[in-house]
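Down below is the structure, laid out as structure tokens.
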Amino acid sequence: ATEGNKRGIVITRSTYPSSGKYAGHWLGDNDSKWPDVHDSIIGLLEFNLFGIPYIGADICGFFGHPSAELCERWMQLGAFYTFSRNHNTINTKDQDPAIFGPANADSARRALNLRYSLLPYLYTLFYEVNSNGGTVIRSMMQSFPKDIKSRNIDTQFMWGPAIMIAPVLSAGKIEVEVYFPGGRWFDFTSGELISEGDKKTVTVSAPRDKIPVFVREGYIIPTQLHGANTEVARKNPMDIIIIPDENGKAEGKLFLDDGDTIDTVENGKFYLSSFKFNGTYFSMTITTHNETMVDSIRVGSMTIFGIRREITSVTVNNANKLFEKLKPHNKLYIKDLGVTLQNNVEVVLK
4 ATEGNKRGIV
14 ITRSTYPSSG
24 KYAGHWLGDN
34 DSKWPDVHDS
44 IIGLLEFNLF
54 GIPYIGADIC
64 GFFGHPSAEL
74 CERWMQLGAF
84 YTFSRNHNTI
94 NTKDQDPAIF
104 GPANADSARR
114 ALNLRYSLLP
124 YLYTLFYEVN
134 SNGGTVIRSM
144 MQSFPKDIKS
154 RNIDTQFMWG
164 PAIMIAPVLS
174 AGKIEVEVYF
184 PGGRWFDFTS
194 GELISEGDKK
204 TVTVSAPRDK
214 IPVFVREGYI
224 IPTQLHGANT
234 EVARKNPMDI
244 IIIPDENGKA
254 EGKLFLDDGD
264 TIDTVENGKF
274 YLSSFKFNGT
284 YFSMTITTHN
294 ETMVDSIRVG
304 SMTIFGIRRE
314 ITSVTVNNAN
324 KLFEKLKPHN
334 KLYIKDLGVT
344 LQNNVEVVLK
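In case it helps, our numbering puts the sequence shown at residues 4 to 353.
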């Protein structure tokens with residue numbers, strides 16, 4: 004049910020062509036078994052192609068009794084379902100993360116906090132799909148259609164064009180074989196360069212408390228400090244992560260609205276800005292600004308991955324800013340840009 008012009012949420016198990024305009028979908032009753040963890044990825048990819056981007060499976064399984072390890076890994080993967088829900092039937096054991104002890108709870112918290120930090124990027128993807136069609140969760144085949152090897156991969160997937168997720172899908176594993184198409188790919192959390200140049204398969208560390216997540220060259224990703232819920236998180240400072248390509252270029256977008264009112268896009272009541280970076284110059288240019296709630300949101304830090312040259316100064320809207328080069332992964336970190344989303348922003352590196 005909805006209240007006035009406020010949004011409701013509709014999740015359905017029965018769908019048909021065009022359902023994605025009105026509802027999300029969950030993938031039905033599954034088992035607490037490792038093959039079901041893997042199969043859920045296939046469901047995500049298929050339903051995005053069906054035009055239903057808000058999609059997820061019952062995390063940890065609907066039937067059965069999941070092991071601590073299975074539920075830990077499934078919570079990590081489930082943090083990257085667009086519809087993320089841990090759910091099971093009656094007369095089964097509790098399977099919330101805390102049931103399995105502090106280590107599992109911390110692992111789930113880490114994965115969910117990562118999801119929350121990426122909500123600005125995810126929300127922008129949904130805006131683009133709403134406005135132009137397309138998919139939010141994408142197969143490697145869809146993202147790299149000319150790459151023959153990508154056509155057979157269903158163990159890793161993309162969020163939009165920029166983020167790749169490669170979960171652990173079997174018991175006892177602390178490494179994942181990840182296929183990287185050509186170009187530069189970085190570990191999202193550390194900024195470590197994992198692959199560059201030609202396409203290749205890399206064995207990546209995946210300890211029990213980590214899901215491997217990677218970012219692709221050429222993109223700018225807006226993030227936000229996580230919070231207890233989205234109402235809190237969306238008021239937190241916005242951080243910007245830049246992943247330049249081999250020519251030093253990257254681009255991205257940020258869409259925001261009040262998060263509560265229906266038909267904000269149709270009524271033009273939203274905020275949209277574009278990001279561009281050319282190796283020395285970053286710009287945030289506002290293209291639509293009809294939502295005043297964003298005016299108080301600060302632009303906090305900026306992190307640029309893979310900066311190999313020396314930087315002697317950084318200015319933000321002509322004001323000098325402190326920065327540091329973070330080794331060993333060649334990240335440039337500007338702690339506080341000192342601006343808000345209310346105005347255009349220019350950052351110059353020298």
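Glycine is no exception: its CB is placed at the ideal position from the N, C-alpha and C atoms. Since the model is a prediction, treat every value here as computed from it, not as a measurement.
Taking C-beta atoms under 8 Å as the contact rule, I243 and I223 qualify, at a distance of about 6 Å. Between G59 and S22, the C-beta spacing is not below 8 Å. With a beta-carbon spacing of about 6 Å, A174 and W37 fall inside the 8 Å limit used to define contacts. For V319 against V342, the beta-carbon gap comes to about 6 Å, under 8 Å, which counts as contact.
Residue burial annotation: G194 is buried, with at least 16 other C-beta atoms found within 10 angstroms of its C-beta. Between L335 and V302, the C-beta spacing is not below 8 Å.
DSSP places F217 in the uninterrupted beta strand (DSSP E) bounded by 216-219. Nearest C-alpha to I246 among K238, G255, N239, P240: G255. Judged by beta-carbon spacing, K330 lies beyond the 8 Å limit of I314, meaning their Cβ atoms are not closer than that value. Within the stretch 206-256, the runs of beta strand (DSSP E) at least 3 residues long that lie entirely inside it are, in chain order, 216-219, 222-227, 241-246.
Where R311 is concerned, there is no enclosing beta strand (DSSP E), because DSSP gives it neither an H nor an E. Contact check for V348 against M296 fails: the beta carbons are separated by 8 Å or more.
Around the beta carbon of T267, 16 or more other beta carbons sit within 10 angstroms, so the residue counts as buried. Check the Cα spacing between L172 and each of L325, E6, S43: the tightest is with S43. S146 sits in a helix when the DSSP states are folded into three classes. CA-CA distance, Y274 to E49, rounds to 31 Å. For H41, the enclosing alpha helix (DSSP H) stretches over residues 37-52. About 4 Å separates the Cβ atoms of I214 and Q79, confirming a contact at the 8 Å cut-off. For L196, the enclosing beta strand (DSSP E) begins and ends at 196-198. For T127, the enclosing alpha helix (DSSP H) has its first and last residue at 122-135. DSSP places E327 in the uninterrupted beta strand (DSSP E) bounded by 326-329. A residue is called buried once 16 or more other Cβ atoms fall within 10 Å of its Cβ, and S208, having fewer, is exposed.
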